[in-house]
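Everything on this sheet refers to the single structure shown next.
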Amino acid sequence: MDCLALPSDKARNDDKKVDSRVKAGVLATPQAEVDFSASVGSSVSHNDSKHCLPKTELPRLENILHTTFPYYRFQTSDDVKLLFASLACIIAQGGLESSFSRKAPPLAVISAISQAICSHASRILASPLYAPFFSHDYCARFLASKQFSQGFSFLVGFSPSSPLKRWNMFLRWLTRKDHIDLGLWQDLLSPSDLLLPLDTHTLRISRALTLLQRKSYDRKAVLEVSAALKRFCAHDPIRYDFALYRIGQSGAWLKQLES
Numbered sequence: 002m003d004c005l006a007l008p009s010d011k012a013r014n015d016d017k018k019v020d021s022r023v024k025a026g027v028l029a030t031p032q033a034e035v036d037f038s039a040s041v042g043s044s045v046s047h048n049d050s051k052h053c054l055p056k057t058e059l060p061r062l063e064n065i066l067h068t069t070f071p072y073y074r075f076q077t078s079d080d081v082k083l084l085f086a087s088l089a090c091i092i093a094q095g096g097l098e099s100s101f102s103r104k105a106p107p108l109a110v111i112s113a114i115s116q117a118i119c120s121h122a123s124r125i126l127a128s129p130l131y132a133p134f135f136s137h138d139y140c141a142r143f144l145a146s147k148q149f150s151q152g153f154s155f156l157v158g159f160s161p162s163s164p165l166k167r168w169n170m171f172l173r174w175l176t177r178k179d180h181i182d183l184g185l186w187q188d189l190l191s192p193s194d195l196l197l198p199l200d201t202h203t204l205r206i207s208r209a210l211t212l213l214q215r216k217s218y219d220r221k222a223v224l225e226v227s228a229a230l231k232r233f234c235a236h237d238p239i240r241y242d243f244a245l246y247r248i249g250q251s252g253a254w255l256k257q258l259e260s
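First residue of the sequence shown: 2, per the working numbering; consecutive thereafter.
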């Protein structure tokens, strides 16, 4: 499924139907907690060791499954829960960093992280153990179609033509280090390899500044404008992202440039 596909009204309405099993699934006693941990541990196939969770991580997953998350834009409560549950599994196995090679190019890193999330999400939705913690038919629709919901695909997908704005912004936050970006992955990735988190505002201002010739909002445009920014700062081309976005979003200077 194309990660840029927006969820239909029908899909949103279907995902709003909350199964009564979810409400009944709230743990009431310490014994229930023990039973939950035991059932989760025994549900993991011995042939699927890469998905095994340490016992110390089971409470984290348990808390996520018993939480009702709010909607976020195009993502339903179930989409958000599935993301956090998948991330809990990944954290238990060493974190997102364990899914990609050190100093790998951004597109390879994004693809690896997306695949890791989707791999754990598939296992969660395919297990009868987890079905009661999601809305009615959420898991059943996945099993029938072998596709994630439109909201989940839109959130973590990796379409060949997508500009991958959210993914590139995520890598910017974790790789660069300044007053805005965290720089937690400075030893893993290089700022010089980052790609611009292109959106419609930065696309327009980049074209007005002749940093970009391509008119389409796609992956090729991201590569083109990122290469252009490298001419100004080879070791940190994405340092201009925030300034370009603010100028493009405000529209003040843009009108003068385009006149």
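Here a beta-carbon is modelled for each residue, glycine too, at the ideal position from N, C-alpha and C.
Bear in mind that the values here come from a model prediction, so they are computed numbers and not experimental data.
Could you give the DSSP three-state label for residue i: helix, strand or coil?
i: L147; result: Per the sequence shown, the amino acid found at residue 147 is Lys instead of Leu. In the structure shown, K147 sits in coil (DSSP, three-state: anything other than H, G, I, E or B).
i: L62; result: helix
i: Y218; result: coil
i: Y72; result: coil
i: R142; result: helix
i: K104; result: coil
i: L197; result: coil
i: A235; result: coil
i: F153; result: helix
i: P161; result: coil
i: F134; result: helix
i: S191; result: coil
By Cβ distance below 7 Å, which residues in the same chain neighbour residue i in space, the five residues on each side in sequence not counted?
i: K178; result: G184 and Q187
i: T201; result: Y218
Can you give me the Cβ contacts of residue i inside the same chain, cut-off strictly under 8 Å, excluding the 5 residues immediately before and after it?
i: A235; result: S193
i: I118; result: L84, S87, L88, I91 and V157
i: L144; result: L126 and A127
Tell me which residue opens and which closes the alpha helix (DSSP H) that residue i is part of.
i: Y246; result: D242 to S251
i: F85; result: S78 to A93
i: C119; result: P107 to A127
i: H202; result: T201 to A209
i: L172; result: K166 to T176
Hey, how far is the Cα of residue i from the Cα of residue j?
i: A127; j: H137; result: 14 Å
i: P60; j: Q250; result: 43 Å
i: H121; j: Q94; result: 11 Å
i: R74; j: M170; result: 18 Å
i: L245; j: F155; result: 25 Å
i: P238; j: A209; result: 18 Å
i: S162; j: K221; result: 8 Å
i: L199; j: V223; result: 6 Å
i: A113; j: S123; result: 15 Å
i: F153; j: Q116; result: 13 Å
i: S227; j: G96; result: 28 Å
i: V81; j: W174; result: 21 Å
Pull up the DSSP beta-bridge partners for residue i, would you.
i: L183; result: K178
For residue i, I'd like the list of residues in its chain whose CB is within less than 6 Å of its CB, leaving aside the five on either flank, ordered along the chain.
i: I206; result: L245, I248, G249 and L255
i: L190; result: T176
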